[in-house]
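The numbering of the sequence shown is this note's numbering, which starts it at 4 and goes up by one.
Don't be surprised by glycine CBs; every beta carbon is placed ideally from N, CA and C.
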Amino acid sequence: MNRKKSQKKEQVWLGFDVNVEKGPVLRPQKIQFWKEHKFAKNNPEAPFHYKADALVGLSLIHLNHHLKTPFASPQMNFSFCHEAWLALEPHHELFNRSQSRVNALRSHLKVGPLPAAEYFERKVTEILDSAMHPWGFDLEHLHHIIEAIDHLETKMGPPLLYNFQLKFSKSVLEKLHHLHSLLFNLRTLIALDHNAYIQDPTHEALKVDSITDYLPKAEYVTNDALLYLAFKNQKVHILNPAKETMEKSFRQYCHNGYCLIEALPKSFLNQMASEELEASLYLVQMDWLLGSETGLLFKIREELYALSEGYEKIFWPDAQLKPSAHHDKLEVNCLLTESDIHPQADAA
């Protein structure tokens, strides 16, 4: 009983402004944490249902070393912020759940240290450090991470897509998890704000999805992969130049399916029974997206493209958009308590 009471005292009051550029969809530029006087002028509010507002703040606290000590809210402590992020961030949980299958697949691959990966780790750490300030986070500076990811992909040779060979140190992997959490939930906040001003949600609402935003047609990719695998198994019986023409066509018109088969080792494909091959190829795509380092980089790069070029160009090209609301910043104000991160324990 005493432990339960002490746990309930754990809380963090998150207050910050997201400075935005107006457009068809608001484009975030900076995140500025509130100073003490602004907390004094406001009352804390409950977080949103899916905690996107809280996750943006918690991710930023993890990334920004300036914010790892109490700043304006006397209730805040970093250990509770860490516990809250782990409890609330579903992408991190999905990553961990995928590791047994990812490691089983990696047992068929030669996975070793890459000099390009070591350089990337240093570069991305430098970029993140330079984007952090005592006042918050300069989102405009993050476009340099796109360059770092592109450089890594070039040096690796094979594309990031369905590549399981890359591994990072624990500290950099944690930073990348926090960065993706920040970017994904920031986009969710923009969608929530946009949807608050629309008339017809059926046609005008912006939607956010952890899978289809990055792999919109995984079932089609599976079918393309099965066709390419059948061709590859019969390739020895096909004469040139027909063989070369067909392979070029698969690479050009069924690019993702081609990359999926080329990324998987023969020993892994050969151990699958034909009746389970379709389901396995779909599951491999999900494990790559949700449970691999390259999948994490792929998602971060997509988010950064959208942050730089406009969300509507990358994630919502078919949305019926009108001019955005006339504000130049979003105010986030939420109080996160123990009951928010462990509701079952509180109910008990």
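Contact check for Glu-315 against Leu-324 passes: the beta carbons are separated by less than 8 Å.
Per the DSSP secondary-structure output, Asn-22 pairs in a beta bridge with Lys-33, Lys-332. Apart from the 5 residues on each side of it in sequence, Pro-93 sits with its Cβ closer than 8 Å to the Cβ of Ser-213 in its chain, given in chain order. DSSP places Phe-171 in no beta strand (DSSP E); its state is neither H nor E. Pairing Asp-141 with Val-335 gives a Cβ-Cβ distance that is not under 8 Å.
Judged by beta-carbon spacing, Leu-267 lies beyond the 8 Å limit of Val-224, meaning their Cβ atoms are not closer than that value.
One thing to note: Asn-22 has its Cβ within 8 Å of the Cβ of Lys-332.
Cβ neighbours of Glu-250 within its own chain (closer than 8 Å, five residues either side excluded): Phe-234, Lys-238.
Between the C-alpha atoms of Gln-14 and Gln-168 there is a straight-line separation of about 40 Å. Per DSSP, the beta bridge partners of Gln-14 are Thr-340. His-94 carries a helical assignment under DSSP once its states are collapsed to helix, strand and coil. Within the DSSP secondary-structure output, Gly-139 pairs in a beta bridge with Gln-35, His-136.
Spanning the alpha carbons of Asp-196 and Phe-51 requires a straight line of approximately 12 Å. By a beta-carbon distance limit of 8 Å, Leu-218 does not contact Leu-97. Their separation comes to about 14 Å.
For Lys-126, the secondary structure class from DSSP, reduced to helix, strand or coil, is helix.
Under the criterion of beta carbons closer than 8 Å, Cys-337 and Glu-48 qualify as touching, at roughly 6 Å. Restricting attention to Ala-309, Ala-276, Pro-320, the CA atom closest to the CA of Leu-145 is found in Ala-309.
Taking C-beta atoms under 8 Å as the contact rule, Val-59 and Thr-128 fail to qualify, at a distance of about 21 Å. Spanning the alpha carbons of Tyr-200 and Leu-339 requires a straight line of approximately 26 Å.
Around the beta carbon of His-65, 16 or more other beta carbons sit within 10 angstroms, so the residue counts as buried.
Counting along the chain, Asn-259 sits inside the alpha helix (DSSP H) bounded by residues 258-266.
Spatial neighbours of Arg-254 in its own chain (CB-CB distance under 8 Å, excluding positions within 5 residues in sequence) are listed in chain order as Tyr-261.
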